[in-house]
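Asker: In full-length UniProt numbering, the protein residues as written are 1 to 245.
1. Who are residue 156's beta bridge partners in DSSP?
2. Check residue 74 in the structure and name its three-state DSSP category.
3. For the alpha helix (DSSP H) containing residue 33, name the first residue and the last one.
4. Is the Cβ-Cβ distance between residue 153 and residue 233 less than 8 Å?
5. Can you tell which of 155, 34, 162 has the C-alpha that lies nearest to the C-alpha of residue 208?
6. Does DSSP classify residue 203 as helix, strand or coil?
7. Once you ignore the five residues that flank residue 225 on each side, which residues in its own chain have a CB closer than 6 Å to its CB?
8. Output the distance between the C-alpha atoms of residue 42 and residue 9, rounded to the nearest integer angstrom.
9. If you draw a straight line from the C-alpha of residue 158 to the C-alpha of residue 237, how long is it?
10. Roughly how many whole angstroms lie between the Cα atoms of residue 66 and residue 75?
11. Is residue 160 near residue 206, with beta carbons less than 8 Å apart?
12. Are the CB atoms of residue 221 and residue 186 within a distance shorter than 8 Å?
13. Confirm, please, whether the CB-CB distance from residue 26 to residue 16 is below 8 Å.
14. Using a threshold of 8 Å, state whether the C-beta atoms of residue 155 and residue 243 are closer than that.
15. Which residue marks the beginning of the beta strand (DSSP E) containing residue 148, and which one marks its end?
16. Any idea what DSSP makes of residue 9, helix, strand or coil?
17. So, using beta-carbon positions, are residue 139 and residue 245 closer together than 8 Å?
18. Got a sec? Which residues, its chain only, sit under 6 Å from residue 195 by beta carbon, not counting five neighbours each side?
19. Considering residue 180, what are the terminal residues of the beta strand (DSSP E) in which it resides?
20. Assuming residue 211 is part of the alpha helix (DSSP H), what are its boundary residues?
21. Would residue 183 pass as a contact of residue 210 if the rule is Cβ separation under 8 Å?
22. Identify, in the order they occur along the chain, each residue of the same chain with its Cβ nearer than 6 Å to the Cβ of residue 204, setting aside the five sequence neighbours on each side.
23. Quick one, which of 175, 20, 14 has its alpha-carbon nearest residue 48's?
24. From residue 73 to residue 23, what distance separates their C-alpha atoms?
25. Find out if the Cβ-Cβ distance for the pair residue 164, residue 198 is shorter than 8 Å.
26. What's the call for residue 68, buried or exposed, on a 16-neighbour Cβ count within 10 Å?
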């Protein structure tokens, strides 16, 4: 079995951190952590994720009796002799006590089963949440260069998103905007695809028209703040071919 496959490794790391991976499986996983950095990294990631998840839960104060019982079992607090004698003298040897013991044992097993089930449910939810979001496959790309053939923007188009990246060579003008246009292959007027980002880049939904028509090229125009007011490019600065990848 290949434990290093991302999906299987995530599941094992989550089970290990939650505590549902037990016995030989847990020991085997601990050996894998010492052998493979990827296993150790996945475990650390789940520990950090669950720590953050736990911090969002409201604190619950246990009953005082719980703390007292812990102290007694650790030998930090002596039991009350009178109470002990009283309880001892009142012990019944009837079959009712046996039934009560059995019921108590069953109750504990049910509680343990419930906790295990709850942990498994939390694990399932976390595995779903932690699944990596699939990256849309790029189908077309265009690079907008300046007069010196230096890239200013890189445009990646998929069926669902259009990602526009700004390069370090781009210098924005304070009183101007840049607008992206699609130039149809049939010779019709350019169609606006919105303003170009001037820093950091952005990702937007791919315009339907960009997928429905044949494209001759993309163009970038210099416009007043807010973009063209006429619906047509004012001053075309750059033209970039768009190619399939």
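The beta-carbon is built from N, C-alpha and C at its ideal position, and this holds for glycine as well. Since we're looking at a predicted model, the values are computed, not measured.
Answerer: By the coordinates alone:
1. 141, 163
2. coil
3. 23-35
4. no
5. 162
6. strand
7. 177
8. 7 Å
9. 25 Å
10. 14 Å
11. yes
12. no
13. yes
14. no
15. Premise fails: residue 148 is in no beta strand (DSSP E) and is neither H nor E.
16. helix
17. yes
18. 177, 179, 227
19. 177-184
20. 208-212
21. no
22. 162
23. 14
24. 26 Å
25. no
26. exposed
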